[in-house]
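Engineer:
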Amino acid sequence: PDATLLAGKVLGDDGFGDDSGILAGMEWAVAQGADIVNLSLGGMDTPEVDALEAGVNKLSATKGVLFAIAAGNEGSGAGTVGSPGSADAALTVGAVDVKDKLADFSSRGPRVGDGAVKPD
Numbered sequence: 006p007d008a009t010l011l012a013g014k015v016l017g018d019d020g021f022g023d024d025s026g027i028l029a030g031m032e033w034a035v036a037q038g039a040d041i042v043n044l045s046l047g048g049m050d051t052p053e054v055d056a057l058e059a060g061v062n063k064l065s066a067t068k069g070v071l072f073a074i075a076a077g078n079e080g081s082g083a084g085t086v087g088s089p090g091s092a093d094a095a096l097t098v099g100a101v102d103v104k105d106k107l108a109d110f111s112s113r114g115p116r117v118g119d120g121a122v123k124p125d
């Protein structure tokens with residue numbers, strides 16, 4: 006009810022892109038008045054030097070925006086949650102199978118670096 010949907014493209018037709026394009030898309034969505042931003046994308050987590058994590062954390066803290074972000078599809082190994090889903094402020098979402106169980110292909114925690122629990 007009374008919702009407005011926005012669509013922004015931050016990756017190329019080949020499914021790849023760079024941090025600057027993703028950050029620009031996040032900032033664009035916030036500037037458009039988004040309360041919730043979904044990002045179904047991710048890459049390798051690089052704790053403490055990760056521009057995407059920093060962007061999610063900053064925009065969440067300063068603008069009050071919730072970022073719902075895919076955990077990734079790196080499988081059943083521990084510590085496979087990708088960036089920017091690894092951000093403190095991210096609501097990180099894993100995948101489930103038809104039985105509502107964590108899917109074999111879904112990334113999972115703990116988070117690299119500090120062992121925080123992800124997906125949320």
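Residue numbers (the working numbering): 6 to 125. Cβ coordinates follow ideal geometry from the N, Cα and C atoms, glycine included.
Can you list, in chain order, the residues of its chain with a C-beta nearer than 6 Å to that of Val-35? Leave out the 5 residues immediately preceding and following it.
Structural biologist: Leu-64, Lys-68, Val-70.
Engineer: Does the beta-carbon of Gly-118 have 16 or more other beta-carbons within 10 angstroms, so that it is buried, or is it exposed?
Structural biologist: Burial call: exposed.
Engineer: For the alpha helix (DSSP H) containing Leu-46, list its first residue and its last residue.
Structural biologist: It is not in any alpha helix (DSSP H) - Leu-46 carries neither H nor E in the DSSP assignment.
Engineer: For Pro-52, count neighbouring C-beta atoms within 10 Å of its own C-beta (all shown protein chains included) and say buried if the count is 16 or more, exposed if not.
Structural biologist: Under this definition Pro-52 is an exposed residue.
Engineer: For Ile-74, count the other beta carbons within 10 Å of its own beta carbon; 16 or more makes it buried, fewer makes it exposed. Which is it?
Structural biologist: Counting Cβ neighbours within 10 Å, Ile-74 comes out buried, since at least 16 surround it.
Engineer: Should Ser-45 be flagged as near chain D, meaning a C-beta pair shorter than 8 Å?
Structural biologist: Of the protein chains in this structure there is only one, and it is not chain D.
Engineer: Please go through the same chain and pick out, in chain order, the residues whose beta-carbon is closer than 7 Å to the beta-carbon of Gly-48, but skip the five residues on each side of it.
Structural biologist: Same-chain partners within the cutoff: Gly-87, Ser-88.
Engineer: Alpha carbon to alpha carbon, what distance is there between Gly-99 and Lys-106?
Structural biologist: Answer to the nearest angstrom: the Cα atoms are 10 Å apart.
Engineer: Sort Ala-56, Val-42, Leu-96, Asn-62 by Cα distance to Ser-25 and report the nearest one.
Structural biologist: Among Ala-56, Val-42, Leu-96, Asn-62, the Cα nearest to that of Ser-25 belongs to Ala-56.
Engineer: Quick one: grab the DSSP three-state call for Val-61.
Structural biologist: In this structure, Val-61 counts as helix in the three-state DSSP scheme.
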